[in-house]
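Numbering (the numbering used here), first residue to last: 1 to 464. First up is the structure itself, then whatever we jot down about it.
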RNA sequence: GGCCACGUGGCGGAGUGGUUACGCAGCGGACUGCAAAUCCGCGUACGGGGGUUCGAUUCCCUCCGUGGCCUCCA
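If you want it as structure tokens, here you go:
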């Protein structure tokens, strides 16, 4: 069994937000490693910040598959397709359509865009990609259980989770309840028994998406924000599973509330054993926001860069650190990737070099892994580098196509270049350096860079 | 206001209680008619102030700065 002592594989260690410590990863069942990652709410084009968890947890997925076997890891990443932001966008975008039809258009189109983006980023498909609207039944079941157990109550056709009913609420975000209440800046809905209580289910007005409500509520309703992840992880991974991931901003309230719902519904001590959170992303040193005008979608970036460059740029920073997304960084990433592909042996199997794997096993230390890849390039590790690149999901084709497309169009054809080179070789033979340099400069003006090789030949390539 | 992160050399970015990160840029050398490319080599660092310690960039306190969460958010 991979991972056991003596197998030669390093131990997988992961930083756990629950304990705030890096700990050895021990799956509940090594034959069935289970991971859930919060996917997008499909109301708008995904931005580069959305890409971070996708890329990071794709890498973790690859590492886990390597350690435990591809058939022994189950990765679930959901699509949240019921949400008031979706409703608002749909009403704005398609004011003449019935709301439900407008919503279907928004979610369908956004999900398709998201999948296109991820395709270009080269991430693997999760094993299951459930949609929230396909799991309304599980949500109702969870809510019924919570009401029956006294962890939730009905008020004005809403169902609310009773936070005080859970003594250790707040363990993930480490927020003592009294402090949260003291710092609360929101108006508390009058039907809440406690300011911290959150919505599990709410009534829908006519025209809004609605489903039969739980807990004896008459009007149709729709789920609150957090219940869908409890329902989908339960449906596909069970009551308790190994890893739950997402962006650091989801720690509170989203993940805290997921934990509350799932643990109280199942009377379980844990929902997931390991909670992992990727850090935030800034753009050119500033917070990304629509008002600042620096809101960068994945689609925008893919217009200028191959997906692999975006991937590498994402992984140059450790996943828990903040990352500053810059054009300069992208240029450096592109150059690094080009060097690797130029050096790597092309026919290698997709498998990580041991030193790279060791770095990745240590809480996805990608900067260390990248350093090890540079070492492979420099020494007798060209085949291992190729295998590592393939393991990480990098393929040379798109980068080469991008590089070719990016080079300025040559206004001179290859035969003419060769003729000029021959001319220059003749000039050099005659020690006519002025003529030689003139030809070289003229060609450079035309976008052709000459290289005088040690064997006396001269070759050319498009100037960068 | 409350809570939580982060602050490493020109830039990006790991890591560690005492010894090389790594990459980019820069500098020097080799090669070259001169370059380019390539190869070899080199440098500068751990936000400020206290404390613990034989010794701290690494632990503790504090201050400053940046960012995040507390409301939708990856």
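Using N, Cα and C, we set each Cβ at its ideal position, and we do this for glycine too. Keep in mind the model is a prediction, meaning the values are calculated, not measured.
Worksheet entry | Buried or exposed by the 16-neighbour rule on C-beta atoms within 10 Å, applied to residue 430 | Position 430 of the first chain holds residue 430. Exposed: under 16 other Cβ atoms inside 10 Å.
Fill in: Option nearest residue 446 by Cα separation, candidates 266, 369, 417, 422
The count along the first chain starts at 1 and reaches residue 446 at position 446. The option with the nearest alpha carbon to residue 446 is 417.
Practice prompt. Report all residues from its chain with a CB closer than 6 Å to the CB of residue 74; omit the five preceding and five following residues, and keep chain order.
Written response: Residue numbering aside, residue 74 sits at position 74 when the first chain is read from its first letter. So the qualifying residues of the chain are 34, 127.
Worksheet item: In chain order, what residues of the same chain have a beta carbon less than 7 Å from the beta carbon of residue 452, not counting five sequence neighbours either side?
Response: Your numbering for residue 452 matches position 452 in the first chain. 458.
Worksheet item: Should residue 392 and residue 306 be called a contact, given that it needs their Cβ atoms to be closer than 8 Å?
Response: Numbered from its first residue, the first chain carries residue 392 at position 392. Numbered from its first residue, the first chain carries residue 306 at position 306. Going by C-beta atoms, residue 392 is not nearer than 8 Å to residue 306.
Discussion item. For the alpha helix (DSSP H) containing residue 328, name the first residue and the last one.
Written reply: The residue labelled residue 328 in the question sits at position 328 within the first chain. Counting along the chain, the alpha helix (DSSP H) containing residue 328 begins and ends at 327-343.
Worksheet item: If you draw a straight line from the C-alpha of residue 26 to the C-alpha of residue 145, how long is it?
Response: Position 26 of the first chain, counted from the start, is the residue given in the question as residue 26. Position 145 of the first chain, counted from the start, is the residue given in the question as residue 145. Computed Cα separation, rounded: 30 Å.
Worksheet item: I think residue 427 touches residue 419, with their Cβ atoms under 8 Å apart; what is that distance to the nearest whole Å?
Response: Reading the first chain from its first residue, position 427 is the one you call residue 427. Reading the first chain from its first residue, position 419 is the one you call residue 419. Rounded, the Cβ-Cβ distance is 13 Å, inconsistent with contact.
Worksheet entry | Selected residue, minimal CA-CA separation from residue 245, among 153, 63, 238, 274 | Position 245 of the first chain holds residue 245. Looking at the Cα atoms, 274 is the closest of the given residues.
Discussion item. Does residue 404 come out as helix, strand or coil in the three-state DSSP assignment?
Written reply: If you number the first chain from 1, residue 404 lands on position 404. The answer is helix: DSSP assigns residue 404 an H, G or I state.
Worksheet item: Just the Cα atoms here: how many angstroms apart are residue 409 and residue 201?
Response: Within the first chain, residue 409 is the residue found at index 409, counting from 1. Within the first chain, residue 201 is the residue found at index 201, counting from 1. About 59 Å.
Discussion item. Our contact map puts residue 310 next to residue 121 with C-beta atoms below 8 Å; I'd like the distance itself, whole angstroms only.
Written reply: Mapped onto the first chain, residue 310 falls at position 310. Mapped onto the first chain, residue 121 falls at position 121. That pair is a contact at about 6 Å.
Item to complete: Identify whether residue 272 lies in helix, strand or coil by the three-state DSSP scheme.
Response: Locating residue 272 in the first chain gives position 272, counting from the first residue. Note: residue 272 maps to strand in three-state DSSP.
Worksheet item: What first and last residue would you give for the alpha helix (DSSP H) that runs through residue 215?
Response: To locate residue 215, count along the first chain from 1; it is residue 215. From DSSP, residue 215 is part of no alpha helix (DSSP H); its letter is neither H nor E.
Fill in: Spatially closest choice to residue 297 from 231, 439, 113, by CA coordinates
On the first chain, residue 297 is found 297 positions in, with the first residue counted as 1. It is 113.
Worksheet item: When DSSP builds the beta bridges, which residues end up paired with residue 119?
Response: Numbered from 1 along the first chain, position 119 holds the residue referred to as residue 119. Beta-bridge pairing links residue 119 to no other residue.
Item to complete: Count the CB pairs spanning the stretch 266-285 and the stretch 51-69 that are closer than 8 Å, and state whether there are at least three.
Response: yes
Practice prompt. Express the C-alpha separation of residue 358 and residue 470 in angstroms, rounding to a whole number.
Written response: As displayed, the chain neither begins before 1 nor continues past 464, which places residue 470 out of reach and without an answer.
Discussion item. As a quick exercise: from 196, 215, 260, 252, pick the residue whose alpha carbon is nearest that of residue 277.
Written reply: Working through the first chain from its first residue, we reach residue 277 at position 277. The shortest C-alpha separation from residue 277 is found at 252.
Discussion item. Please list the terminal residues of the continuous beta strand (DSSP E) segment that includes residue 242.
Written reply: Counted from its first residue, the first chain places residue 242 at position 242. Run containing residue 242: 241-247, per the beta strand (DSSP E) assignment.
Fill in: Assigned secondary structure, residue 225 (DSSP; H/G/I helix, E/B strand, else coil)
Residue numbering aside, residue 225 sits at position 225 when the first chain is read from its first letter. If DSSP states are grouped into helix, strand and coil, residue 225 belongs with coil.
Worksheet item: Between residue 321 and the rest of its own chain, which residues show a CB-CB distance below 6 Å, the 5 nearest in sequence each way excluded?
Response: Mapped onto the first chain, residue 321 falls at position 321. Around residue 321: 279.
Item to complete: Answer with buried or exposed for residue 236, where buried requires no fewer than 16 other C-beta atoms within 10 angstroms of its C-beta.
Response: Taking the first chain and counting its residues from 1, one reaches residue 236 at position 236. By the neighbour-count rule (16 or more Cβ atoms within 10 Å), residue 236 is buried.
Discussion item. At a threshold of 7 Å, does residue 126 count as lining the ligand SAH (C-beta to nearest heavy atom)?
Written reply: The ligand content of the structure shown is nil, which means the ligand SAH is not present either.
Worksheet entry | Same chain, Cβ closer than 6 Å to residue 241, five either side skipped, listed in chain order | One-based indexing of the first chain puts residue 241 at position 241. Correct list, in chain order: 34, 272.
Discussion item. Whole angstroms are fine: how far does the CA of residue 344 sit from the CA of residue 238?
Written reply: The residue labelled residue 238 in the question sits at position 238 within the first chain. The residue labelled residue 344 in the question sits at position 344 within the first chain. Roughly 42 Å between the two C-alpha positions.
Worksheet item: Which residue from 375, 334, 156 puts its Cα closest to that of residue 406?
Response: Looking up residue 406 in the first chain gives position 406. That would be 334, whose Cα lies nearest to the Cα of residue 406.
Worksheet entry | Own chain partners of residue 28 with C-beta closer than 8 Å, once the 5 adjacent residues on each side are dropped | Counted from its first residue, the first chain places residue 28 at position 28. Closer than 8 Å at the Cβ level, and outside the excluded window around residue 28, lie 34, 240, 241, 242, 273.
Worksheet item: Which term fits residue 261, buried or exposed, when burial requires 16 or more other beta carbons within 10 angstroms of its beta carbon?
Response: If you number the first chain from 1, residue 261 lands on position 261. Buried, since its Cβ has 16 or more Cβ neighbours within 10 Å.
Worksheet item: Are the stretch 93-104 and the stretch 133-153 touching, with three or more C-beta to C-beta distances below 8 Å?
Response: no
Worksheet entry | C-alpha distance - residue 13 paired with residue 172, whole-angstrom precision | As a position in the first chain, residue 13 is number 13, starting the count at 1. As a position in the first chain, residue 172 is number 172, starting the count at 1. Looking at the two C-alpha atoms, the distance is approximately 19 Å.
Fill in: Residues bridged to residue 449 [DSSP beta-bridge criterion]
Residue mapping note: residue 449 aligns to position 449 of the first chain, counting from 1. 461, per the DSSP bridge assignment.
Practice prompt. Grab the span of the alpha helix (DSSP H) containing residue 35 for me, first residue to last.
Written response: Mapped onto the first chain, residue 35 falls at position 35. Not the alpha helix (DSSP H): residue 35 falls in the beta strand (DSSP E), residues 33-37.
Discussion item. On the criterion of 16 or more Cβ atoms from any shown chain inside 10 Å, does residue 185 qualify as buried, or is it exposed?
Written reply: Here residue 185 is taken as the residue at index 185 of the first chain, counted from 1. Confidence is the limiting factor: at residue 185 the pLDDT is only 46, short of 50, which leaves the residue's position unreliable, though a coordinate-based value still follows. Exposed, by the Cβ-count rule.
Worksheet item: Which residues share a DSSP beta bridge with residue 454?
Response: Numbered from 1 along the first chain, position 454 holds the residue referred to as residue 454. DSSP lists no partner for residue 454.
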